[in-house]
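Protein sequence lines, in the order shown, are assigned to chains L and H.
Using my numbering, the first residue of the first sequence is number 1, and each one after it goes up by one.
Using my numbering, the first residue of the second sequence is number 1001, and each one after it goes up by one.
First comes the structure, then the notes that go with it.
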Amino acid sequence: GAVVSQHPSWVICKSGTSVKIECRSLDFQATTMFWYRQFPKQSLMLMATSNEGSKATYEQGVEKDKFLINHASLTLSTLTVTSAHPEDSSFYICSAKQGVNYEQYFGPGTRLTVT
Amino acid sequence: SQKIEQNSEALNIQEGKTATLTCNYTNYSPAYLQWYRQDPGRGPVFLLLIRENEKEKRKERLKVTFDTTLKQSLFHITASQPADSATYLCALSQGGKLIFGQGTELSVKP
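Structure, rendered in structure tokens:
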């Protein structure tokens, strides 16, 4: 149980284009989903928290107009990187939790490369 | 300032030995602390959670301790195996969010 999937697993896009990443909880209802980014050899940095049906809460320094998050259902959240630039190249990982449970279950990650 | 520190250097041990990883933090008061395993190019996998009022938690070959006075958690893998080689992350709870350490890379040699 507690499986989270992400799609795509990797994507290459040209500078200036937008990319959408999907995060799904497969066998539980995710009332809260989180989006992280991770640079090589570094820790996971939280970008935003989203609750189903509400607007996402972004961490300080994360541009909400650049990283659009939608959490329209209890099993799906999407992250859209708009007008991507090479510095947006990173490993993006989502996680999900159910209700007041403490454990977060992570997706396998999406490697984004912007050329 | 708030900090979470894990052993920055990789830990190399022999198969069968006990691996001990450290997580120290300052200026946090976490209600709970979690340990995750991360393999290269993959998302973290949840291992154990320990609450502030718990001293120790065990799961199979894994043991976690949590000392809120020392502001430290220790993560032990007994009878280590090459398959245990990975990066291990500690994460503190902070207002419903998790704050991650930078991770310690463990390598278990046969």
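Virtual Cβ for every residue (Gly too), placed ideally from N, Cα, C.
Within 9 Å of the CB of threonine 75(L), no CB atom of chain H is found; the nearest one sits about 17 Å away. Counting every other CB atom within 10 Å of its CB across the protein chains shown gives lysine 97(L) a total of 16 or more, marking it as buried. Residue state for glutamate 63(L) is assigned as coil, using DSSP reduced to three classes. Contact between the stretch 1008-1021 of chain H and the stretch 82-95 of chain L is absent: fewer than three C-beta pairs spanning the two stretches fall below 8 Å. As the crow flies, the alpha-carbon of asparagine 1012(H) is around 7 Å from that of lysine 1109(H).
Between leucine 112(L) and valine 81(L), the gap from beta carbon to beta carbon is short of 8 Å.
Interface flag for leucine 1062(H) against chain L is unset, since no Cβ pair is found closer than 8 Å. With contacts defined by Cβ atoms closer than 8 Å, serine 77(L) and cysteine 23(L) form a contacting pair. Looking at Thr1018(H), Ser1029(H) and Glu1015(H), the one whose alpha-carbon comes closest to that of leucine 1098(H) is Ser1029(H).
For glutamate 1009(H), there is no enclosing beta strand (DSSP E), since its DSSP letter is neither H nor E. Measuring C-alpha to C-alpha distances from arginine 1061(H) to each of Arg1042(H), Gln1081(H) and Gly1043(H) identifies Gln1081(H) as the nearest. Contacts between arginine 1042(H) and chain L, judged by CB atoms closer than 8 Å, involve Pro108 and Gly109 in chain order. Per the Cβ contact rule, the stretch 30-44 of chain L is not in contact with the stretch 1014-1021 of chain H (fewer than 3 Cβ pairs under 8 Å). Put simply, the CB of isoleucine 93(L) is near chain H, with a gap under 8 Å to one of its CB atoms.
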